[in-house]
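S.K.: Everything in the sequence shown is counted per the working numbering, starting at -4 for the first residue and increasing by one. Beta carbons are placed, not taken as given, at the ideal position from N, Cα and C, and that holds for glycine. Computed from a predicted model, the values in this text were never measured in an experiment. Please find one structure pasted underneath; my questions will follow.
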Amino acid sequence: MPLRKLIAALAFVPALAVAQAYPSKPVRIVVPFGPSGVADITTRTLAPKMSDGLGQQVIVDNMPGAGGIRASETVAHAEPDGHTILLLTNGNAVSQALFKSLPYDPVNDFAMISTVGYFSMVIVAGQQSKYKTLREVIAAAKAHPGKLNIGTITPGGTQHLAGELFRTMAGMDALVVPHKTTGEVILAVRQGNVDIAVDFIAPLISGIKSGDLRALAVTAGKRFPGLGDVPTVIEAGVPGYDVASWNALAAPAKTPRAIVDRVRRELEKALAAEDVQKRFTELGVEPRTSTPEALREFFIAESRRWTKVVESAGIPKQ
């Protein structure tokens, strides 16, 4: 065997040994949100499937608060052995724009593994609203500058920034009004206190199906199967508007690539399961994996994109 091939083969042996020995104890996925939210439910849906594949229990550890900083810091500073993993979100991508300082580097302190899924949002009006289409909303906002209100939750959160980006790209002089909870947003739009609202599909779909809410458009670049007759924002007249929340998995930096690849393979298997796909559809989530390299590029692009939105909206850093 040529020396070059021999060296390459010998270099592969330690990596193979690491992958075969992993995991040696339960694997913890740290989720930066409380129980019962879409991110938590999707992670808990995947955990048993990944447990079966890994041969060790996968534990979901909810660690909400501080804009995801606590959860992210915990994983960034954990042992890089693949036993502590972060549910990465677009909240991580926007964190540098929202906070003056962070106790970790959002890019370089993590070994990216793979995307998990994409969560489209939906723009709705109340049942009694005069607006039947998103084009009517945009036309009204342009005809009456400063009069239209857009309800969302959490200043600096995904829904809020999606509303800000929609307002900007649609060329509307409208006010984005954050609320504390999705329940408050739903009540506000049903009562006509806000003209339209933007939130994830999962908590709104029952109201849409019952007729209490009128779906005007989904925010992602393609239609959502569960609301097949609802156009995208692009189709409704705002070219280039393609916004979805997303989740991914990341480990501490310096986690061996063999371990990263093992976790990614088990994630892919779990997402391919029929019952998992059914549950994700119910939650308004499109399962989608990626390579670590593609996730890293995507994360950096998302950070740049949302930093511009935050600066344009004039959201102060905390």
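(1) Buried or exposed: where does Asn103 fall if 16 or more other Cβ atoms within 10 Å of its Cβ makes it buried?
(2) Thinking C-beta only, is Thr38 closer than 9 angstroms to Val26?
(3) Quick check on DSSP: helix, strand or coil for Asp47?
(4) Note down, in chain order, each residue of its chain lying with its Cβ closer than 8 angstroms to the Cβ of Trp301, except the 5 sequence neighbours on either side.
(5) Output needed for Arg130: all residues of its chain with C-beta closer than 8 angstroms, excluding positions within five of it in sequence on either side, in chain order.
(6) Could I get the ranges of all uninterrupted alpha helix (DSSP H) runs contained in the region 79 to 111, with 4 residues as the minimum, in chain order?
(7) Quick one: give me the first and last residue of the alpha helix (DSSP H) that His155 is part of.
(8) Drop a sphere of 10 angstroms on the beta-carbon of Arg299, count the other beta-carbons inside from all chains shown, and report buried for 16 or more, exposed for fewer.
(9) Taking Pro289 as the reference, give the member of Ala106, Ser96 and Tyr17 with the closest Cα.
(10) Can you tell me the Cβ-Cβ gap for Ala265 and Leu41, rounded? I've got them flagged as a contact below 8 angstroms.
(11) So what does DSSP say about Val233, is it helix, strand or coil?
(12) Secondary structure at Ala212, three-state DSSP: helix, strand or coil?
(13) Would you please state the rounded distance, in angstroms, between the beta carbons of Ala183 and Ile133? I believe it to be under 8 angstroms.
(14) According to DSSP, Gly206 sits in a beta bridge with which residue or residues?
(15) From the DSSP secondary-structure annotation, give me the bridge partner or partners of Phe195.
(16) Apart from the five residues on each side of it in sequence, which residues of its chain come closer than 8 angstroms, Cβ to Cβ, to Asp35?
(17) Going by beta carbon distance, what residues of the same chain come within less than 6 angstroms of Ala66, once the five residues before and after it are set aside?
(18) Counting only the same chain and skipping the five closest in sequence on each side, list residues whose C-beta sits under 7 angstroms from that of Gly279.
(19) What does a CB cutoff of less than 6 angstroms around Pro75 pick up in its chain, not counting 5 residues either side in sequence?
(20) Can you name, in chain order, every residue of its own chain whose Cβ lies under 8 angstroms from the Cβ of Lys20, other than the five neighbours on each side?
(21) Taking the beta carbon of Asp190 as the centre, do at least 16 other beta carbons fall within 10 Å, making it buried, or is it exposed?
(22) Rounded to the nearest angstrom, what separates Ser124 and Phe161 at their Cα positions?
(23) To the nearest angstrom, how far is it from the Cα of Ala16 to the Cα of Pro43?
M.R.: The short version:
(1) exposed
(2) It is a contact, given that the beta carbons lie within the stated cut-off.
(3) helix
(4) Asn85, Ala88, Val89, Ala92 and Leu156
(5) Ala231 and Gly232
(6) 85 to 93
(7) Thr153 to Met164
(8) exposed
(9) The sequence as given places Ala at residue 289; Pro does not occur at that position. Among Ala106, Ser96 and Tyr17, the Cα nearest to that of Ala289 is on Ala106.
(10) 5 angstroms
(11) coil
(12) strand
(13) At roughly 20 angstroms, the Cβ-Cβ gap does not stay under 8 angstroms, so Ala183 and Ile133 are not in contact.
(14) None; Gly206 has no bridge partner.
(15) Beta bridge pairing from DSSP links Phe195 with Met116.
(16) Val26, Phe28, Gly29, Val55 and Asn57
(17) Val25, Pro27 and Met58
(18) Phe114, Ser115, Phe195, Ile196, Ala197, Ile200, Phe219 and Gly221
(19) Apart from sequence neighbours up to five positions away, the residues of its chain that approach Pro75 with a beta-carbon distance below 6 angstroms are Pro247, Lys249 and Thr250, ordered along the chain.
(20) Gln51 and His78
(21) For Asp190, the number of other beta carbons within 10 angstroms of its own is at least 16, and it is reported as buried.
(22) 19 angstroms
(23) 20 angstroms
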